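Asker: Each protein sequence line maps, in turn, to chains A and B. Heads up: the first sequence begins at 0 in numbering that gives the first Met the number 0, then just goes up one per residue. Heads up: the second sequence begins at 0 in numbering that gives the first Met the number 0, then just goes up one per residue. Glycine included, every Cβ here is placed at the ideal spot set by N, Cα and C. These numbers come from a predicted model, not from an experiment. Let me give you the structure first, and then I'll get to my questions.
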Amino acid sequence: MAFLEAHNLHKTYRLSRNNHVRALRGVDVTVEAGEMVGIMGPSGCGKSTLMHILGLLHSPDLDTSPAPSLVIDDTDVTALDDRERTRMRAERMGFVFQSFNLVSTLTAAENVALPAEYAGRRKSDARAEAMDALRQVDLGEWAGHRPMELSGGQQQRVAIARALVNSPDLLLADEPTGNLDSESTGEVMALLHWFNREQGQTIVLVTHDTRVSEACSRVLTIRDGVIT
Amino acid sequence: MLRSLMRRKLRTTLTVLGITVGIWALMVMSAMANKLTALVDGGSTYFNDKILVSDATNPAFGFGYVPMPVGIVDEVGAVPGVAVAAPRVHFMLDPEDAGIGFSASDFVVAFTAGVDRGHETFRWEIAQGRETAAADEGRRVVMLGADLARKFGKAPGDRMLIRGTEFEVIGVLEPTLMFFDTTAVIPWSAGQEFLARDPAVLAEFGPEPPELTSMVIVYPEEGEDFHALIQAITAAHPGMRGVTSDDFDDQFGSTVAILNAIILSVALISIVVGGLSVINTMTMSVAERTREIGIKRAIGASRGVIMRELVVEAGLMGLIGGLVGLGLAGVVVYFANDAGQTSGTILFLMTPWIGALGVSFSTVLGAVAGALPAWNAARLDPVEALRFG
Ligand SMILES: Nc1ncnc2c1ncn2[C@@H]1O[C@H](COP(=O)(O)OP(=O)(O)OP(=O)(O)O)[C@@H](O)[C@H]1O
Ligand SMILES: [Mg+2]
Numbered sequence: 000m001a002f003l004e005a006h007n008l009h010k011t012y013r014l015s016r017n018n019h020v021r022a023l024r025g026v027d028v029t030v031e032a033g034e035m036v037g038i039m040g041p042s043g044c045g046k047s048t049l050m051h052i053l054g055l056l057h058s059p060d061l062d063t064s065p066a067p068s069l070v071i072d073d074t075d076v077t078a079l080d081d082r083e084r085t086r087m088r089a090e091r092m093g094f095v096f097q098s099f100n101l102v103s104t105l106t107a108a109e110n111v112a113l114p115a116e117y118a119g120r121r122k123s124d125a126r127a128e129a130m131d132a133l134r135q136v137d138l139g140e141w142a143g144h145r146p147m148e149l150s151g152g153q154q155q156r157v158a159i160a161r162a163l164v165n166s167p168d169l170l171l172a173d174e175p176t177g178n179l180d181s182e183s184t185g186e187v188m189a190l191l192h193w194f195n196r197e198q199g200q201t202i203v204l205v206t207h208d209t210r211v212s213e214a215c216s217r218v219l220t221i222r223d224g225v226i227t
Numbered sequence: 000m001l002r003s004l005m006r007r008k009l010r011t012t013l014t015v016l017g018i019t020v021g022i023w024a025l026m027v028m029s030a031m032a033n034k035l036t037a038l039v040d041g042g043s044t045y046f047n048d049k050i051l052v053s054d055a056t057n058p059a060f061g062f063g064y065v066p067m068p069v070g071i072v073d074e075v076g077a078v079p080g081v082a083v084a085a086p087r088v089h090f091m092l093d094p095e096d097a098g099i100g101f102s103a104s105d106f107v108v109a110f111t112a113g114v115d116r117g118h119e120t121f122r123w124e125i126a127q128g129r130e131t132a133a134a135d136e137g138r139r140v141v142m143l144g145a146d147l148a149r150k151f152g153k154a155p156g157d158r159m160l161i162r163g164t165e166f167e168v169i170g171v172l173e174p175t176l177m178f179f180d181t182t183a184v185i186p187w188s189a190g191q192e193f194l195a196r197d198p199a200v201l202a203e204f205g206p207e208p209p210e211l212t213s214m215v216i217v218y219p220e221e222g223e224d225f226h227a228l229i230q231a232i233t234a235a236h237p238g239m240r241g242v243t244s245d246d247f248d249d250q251f252g253s254t255v256a257i258l259n260a261i262i263l264s265v266a267l268i269s270i271v272v273g274g275l276s277v278i279n280t281m282t283m284s285v286a287e288r289t290r291e292i293g294i295k296r297a298i299g300a301s302r303g304v305i306m307r308e309l310v311v312e313a314g315l316m317g318l319i320g321g322l323v324g325l326g327l328a329g330v331v332v333y334f335a336n337d338a339g340q341t342s343g344t345i346l347f348l349m350t351p352w353i354g355a356l357g358v359s360f361s362t363v364l365g366a367v368a369g370a371l372p373a374w375n376a377a378r379l380d381p382v383e384a385l386r387f388g
């Protein structure tokens with residue numbers, strides 16, 4: 000069985016009683032461990048929706064036939080409750096967002112330490128792991144700085160360190176370079192590529208940027224809620 | 000935690016201030032109630048073993064001021080059920096004092112030490128000097144209650160004028176939290192000297208008045224029913240009245256009950272005001288941090304973690320408000336009591352209990368008030384929350 004197998008994922012957003020958006024209309028995805036998969040497609044086609052489902056932030060529609068299935072590393076996650084999903088997010092998944100999403104009141108190191116604390120690590124251990132992760136993204140010197148004091152590229156590298164601090168099985172990145180200039184885009188992509196190649200980090204990333212997708216081992220294209 | 004409070008200094012300050020005012024009011028009121036309760040309890044306890052018999056025309060509750068020939072003492076003592084009847088002269092230190100006040104009056108009490116023949120169960124503690132003794136009969140010496148000694152700034156060895164007559168202070172009592180604190184105790188003989196010069200006494204009894212008493216302190220025999228005994232005494236001596244602890248409770252217990260009701264309302268108001276302002280602040284704080292909460296949830300913070308963070312933050316506001324309120328209340332009580340010393344009345348009784356209770360109350364209040372916004376925050380859909388701001 001592949002590392003990640005998703006079958007028949009649908010997602011319908013209900014806007015009102017008889018007005019809804021079918022963001023996903025039967026998606027099947029398979030990701031092997033160690034792959035770096037790119038997801039592309041026009042705006043509004045459902046890329047983020049898929050990422051939220053793969054990242055256990057949302058559930059797929061459950062009333063489809065056949066029923067959806069999502070198995071990550073032999074765990075059937077459609078059956079998990081909020082608590083277990085949260086735990087899995089903390090321990091086995093990493094997220095990188097387009098808009099960095101660092102906690103503005105916390106320093107870089109404190110941001111990176113959060114998932115480690117949520118995974119149950121002692122504060123001092125979490126702190127040490129955070130420092131290691133920051134050094135891996137070459138930001139050891141910036142540990143004590145707040146997000147406001149960092150450039151966009153640096154913030155995204157902090158976000159990558161935060162996503163990887165617990166050595167997750169799966170790194171999900173939704174347009175990680177969408178807010179970056181081309182120089183920072185290059186840095187961030189090099190970093191992701193390095194983690195994938197050198198550490199075998201499994202990565203699924205969404206992008207509009209063909210330069211980015213060229214770095215992926217495989218590219219899936221979504222159109223109108225289905226993979227084409 | 001502190002950091003996120005600091006981030007919104009003004010709002011946090013106002014919220015904390017809201018709690019502060021509530022807790023401050025609560026503690027000042029409690030301190031006042033505490034003092035009055037102690038006063039009333041003390042009085043009630045004092046009356047527990049005795050009946051105060053005096054002329055029924057006396058203006059104030061309990062204490063008698065109207066002089067009677069001392070022969071009444073033996074007559075009352077002869078009533079079956081009375082173990083000991085002891086005379087006591089009681090008058091106001093200040094001749095102008097009408098004696099209607101309850102704790103505000105300064106009293107002079109004259110009796111021969113030991114006249115209760117060991118039946119008195121109330122014990123005072125001597126702070127300085129010694130207490131009056133039977134051997135002091137014939138001398139002009141005085142033992143002062145704690146508040147009186149402070150009011151007049153007297154210590155043993157000092158001289159002091161009582162209604163124009165010079166007395167030597169021989170002792171000062173520890174605070175009793177009852178009327179003895181504002182009482183000057185003098186020998187029976189000295190009391191008689193005052194009565195013999197009193198115009199009202201001279202008018203009634205002529206230039207050579209007999210030995211007089213203003214009260215008969217009755218110590219009933221074991222197992223005697225106090226009210227039955229009062230009836231027996233007043234039946235034998237119409238025009239007299241008897242008062243014991245039940246009457247005292249009837250008289251003053253209701254005052255304390257009303258006061259406690261006021262305290263309770265202040266507490267309720269402070270719950271509502273403080274609680275609402277914490278709810279308000281935390282709701283705004285949650286709204287402002289929706290995105291942050293979304294981030295934390297997305298990267299693995301459980302609902303419990305989010306809840307705990309916000310509840311602790313709200314509790315912290317309560318704790319700070321409580322501590323500041325306690326501090327302010329302490330200052331007010333200190334200065335009010337300090338000012339009160341000149342008049343001899345301590346108005347407030349601040350105990351560690353009131354402080355601890357007030358502070359824990361406001362901490363719990365903050366946390367409870369923060370729980371609702373925190374719960375709402377914890378239930379946010381992380382993806383929705385991330386879309387915010
Ligand atoms: N919470 C929501 N409620 C209603 N509709 C939604 C919601 N989230 C997404 N949609 C809709 O679902 C569709 C897919 O959205 P999604 O965000 O997955 O697209 P996307 O491929 O990530 O687009 P983009 O490239 O612009 O990020 C869109 O039509 C969008 O409007
Ligand atoms: Mg998107």
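Under 8 Å, Cβ to Cβ, is there at least one residue of chain B near Arg-88 (chain A)?
Answerer: Arg-88 (chain A) counts as touching chain B.
Asker: Just the C-alpha distance for Glu-136 (chain B) and Val-331 (chain B), rounded to the nearest angstrom, thanks.
Answerer: Taking the straight line from one Cα to the other gives about 44 Å.
Asker: Once DSSP output is grouped into helix, strand and coil, what is the label at Ala-187 (chain A)?
Answerer: Reading off the sequence, residue 187 (chain A) comes out as Val, not Ala. Helix.
Asker: Taking 8 Å as the CB-CB limit, is Gly-326 (chain B) close to chain A?
Answerer: Answer no: the Cβ-Cβ gap between Gly-326 (chain B) and chain A never drops below 8 Å.
Asker: Give every residue whose Cβ lies closer than 7 Å to any heavy atom of ligand 2, listed in chain order.
Answerer: Checking every Cβ against the heavy atoms of ligand 2 under 7 Å gives A:Lys-46, A:Ser-47, A:Asp-173, A:Glu-174 and A:Val-205.
Asker: For a cutoff of 8 Å on Cβ pairs, would you count Leu-56 (chain A) as touching chain B?
Answerer: Closer than 8 Å: yes.
Asker: Just the Cα atoms here: how many angstroms apart are Thr-393 (chain B) and Gly-41 (chain B)?
Answerer: Lying outside 0 to 388, the shown extent of chain B, residue 393 (chain B) is not represented and no answer is given.
Asker: For Ala-384 (chain B) versus Ile-305 (chain B), is the C-beta distance shorter than 8 Å?
Answerer: Taking 8 Å as the Cβ cut-off, Ala-384 (chain B) and Ile-305 (chain B) do not qualify as a contacting pair.
Asker: Apart from the five residues just before and just after Ser-276 (chain B), which ones in its own chain have a Cβ nearer than 6 Å to its Cβ?
Answerer: Closer than 6 Å at Cβ, skipping near neighbours: Thr-14 and Gly-17.
Asker: Can you determine whether any heavy atom of ligand 1 sits closer than 7 Å to the C-beta of Ala-384 (chain B), and answer yes or no?
Answerer: Outside the cutoff, so no.
Asker: Below 7 Å between beta carbons is the criterion; list the residues of the stretch 280 to 294 of chain B that meet it against any residue of chain A, in chain order.
Answerer: Those would be Glu-291 and Ile-294, in chain order.
Asker: How would you call Gly-343 (chain B), buried or exposed, if buried means at least 16 neighbouring beta carbons within 10 angstroms?
Answerer: With a pLDDT of 49 at Gly-343 (chain B), under the threshold of 50, the predicted position of this residue should be treated as unreliable, and no value is reported.
Asker: Would the beta-carbon of Ala-202 (chain B) fall within 8 Å of that of Val-141 (chain B)?
Answerer: No, they are not a contact pair.
Asker: Does the separation of the CB atoms of Arg-84 (chain A) and Val-95 (chain A) fall below 8 Å?
Answerer: Their beta carbons are not under 8 Å apart, which means Arg-84 (chain A) does not touch Val-95 (chain A) by this criterion.
Asker: Could you spell out where the alpha helix (DSSP H) holding Met-28 (chain B) opens and where it closes?
Answerer: It spans 8 to 46 - the alpha helix (DSSP H) in which Met-28 (chain B) sits, taken as one unbroken run.
Asker: Can you name the residues of chain B whose CB is closer than 9 Å to the CB of Leu-113 (chain A)?
Answerer: Ordered by position in chain B, the residues that pass the 9 Å Cβ test against Leu-113 (chain A) are Ile-294, Lys-295, Ile-298, Gly-299 and Ala-300.
Asker: Suppose contacts are defined by Cβ-Cβ distances below 8 Å. Is Leu-169 (chain A) in contact with Arg-86 (chain A) by that definition?
Answerer: No, they are not a contact pair.
Asker: Using the C-alpha atoms, what's the distance from Met-35 (chain A) back to Leu-69 (chain A)?
Answerer: Looking at the two C-alpha atoms, the distance is approximately 19 Å.
Asker: Residues of the stretch 101 to 129 of chain A in Cβ contact with chain B at a cutoff of 7 Å, in chain order, please.
Answerer: Residues Val-102, Thr-104, Leu-113, Pro-114, Tyr-117 and Ala-118.
Asker: Using the beta-carbon of each residue, which ones in chain A are nearer than 9 Å to Leu-364 (chain B)?
Answerer: The contacting residues do not exist; Leu-364 (chain B) stays about 26 Å from chain A at best.
Asker: Do you know offhand how far Arg-161 (chain A)'s Cα is from Gly-152 (chain A)'s?
Answerer: Rounded to the nearest angstrom, the two C-alpha atoms are 14 Å apart.
Asker: Checking 8 Å against the spacing of the C-beta atoms, do Tyr-117 (chain A) and Gly-303 (chain B) come in under that value?
Answerer: Contact flag unset, no.
Asker: Give a yes or no on whether the minimum CB-CB distance between Leu-309 (chain B) and chain A is below 8 Å.
Answerer: Cβ-Cβ to chain A under 8 Å: no for Leu-309 (chain B).
Asker: Within its chain, find whatever has a CB closer than 8 Å to the CB of Ile-226 (chain A); leave out the 5 residues flanking it on each side and keep chain order.
Answerer: Hits under 8 Å: Val-26, Asp-27, Val-28, Leu-219 and Thr-220.
Asker: If you measure between the beta carbons of Ile-52 (chain A) and Leu-8 (chain A), is that distance less than 8 Å?
Answerer: Yes. Within cutoff.
Asker: To the nearest angstrom, report how far apart Val-107 (chain B) and Gly-241 (chain B) are at their CA atoms.
Answerer: Taking the straight line joining both Cα atoms gives about 21 Å.
Asker: Tell me whether the beta-carbon of Leu-133 (chain A) lies closer than 8 Å to the beta-carbon of Ala-142 (chain A).
Answerer: Contact flag set, yes.
Asker: Is Ala-89 (chain A) near ligand 1, judged by its Cβ being under 7 Å from some heavy atom?
Answerer: Ala-89 (chain A) Cβ: outside cutoff for every heavy atom of ligand 1.
Asker: Rounded to the nearest angstrom, what separates Glu-192 (chain B) and Pro-94 (chain B) at their Cα positions?
Answerer: Straight-line Cα distance between these residues: approximately 15 Å.
Asker: Going by beta-carbon coordinates alone, are Val-75 (chain B) and Ile-232 (chain B) separated by less than 8 Å?
Answerer: Yes, the pair counts as a contact, with Cβ atoms nearer than the cut-off.
Asker: Around the Cβ of Phe-334 (chain B), are there at least 16 other Cβ atoms within 10 angstroms (buried) or fewer (exposed)?
Answerer: Result: exposed.
Asker: So Ala-84 (chain B) and Val-215 (chain B) are supposed to be a Cβ contact under 8 Å. How far apart are they, rounded?
Answerer: That pair is a contact at about 5 Å.
Asker: With a threshold of 16 other CB atoms inside 10 Å of the CB of Val-211 (chain A), please say whether the residue is buried or exposed.
Answerer: Looking at its Cβ environment, which holds 16 or more other Cβ atoms inside 10 Å, Val-211 (chain A) is buried.
Asker: Among B:Gly-329, B:Ile-169, B:Arg-149 and B:Val-114, whose alpha-carbon lies nearest the alpha-carbon of Ala-24 (chain B)?
Answerer: It is B:Gly-329 whose Cα lies nearest to the Cα of Ala-24 (chain B).
Asker: Mind listing the chain B neighbours of Asp-60 (chain A)? Cutoff is C-beta to C-beta under 9 Å, in chain order.
Answerer: Here the premise fails: no neighbours, minimum Cβ distance about 15 Å.
Asker: Taking Cβ to Cβ, would you say Thr-181 (chain B) is nearer than 8 Å to Val-88 (chain B)?
Answerer: The answer is no: Cβ separation not under 8 Å.
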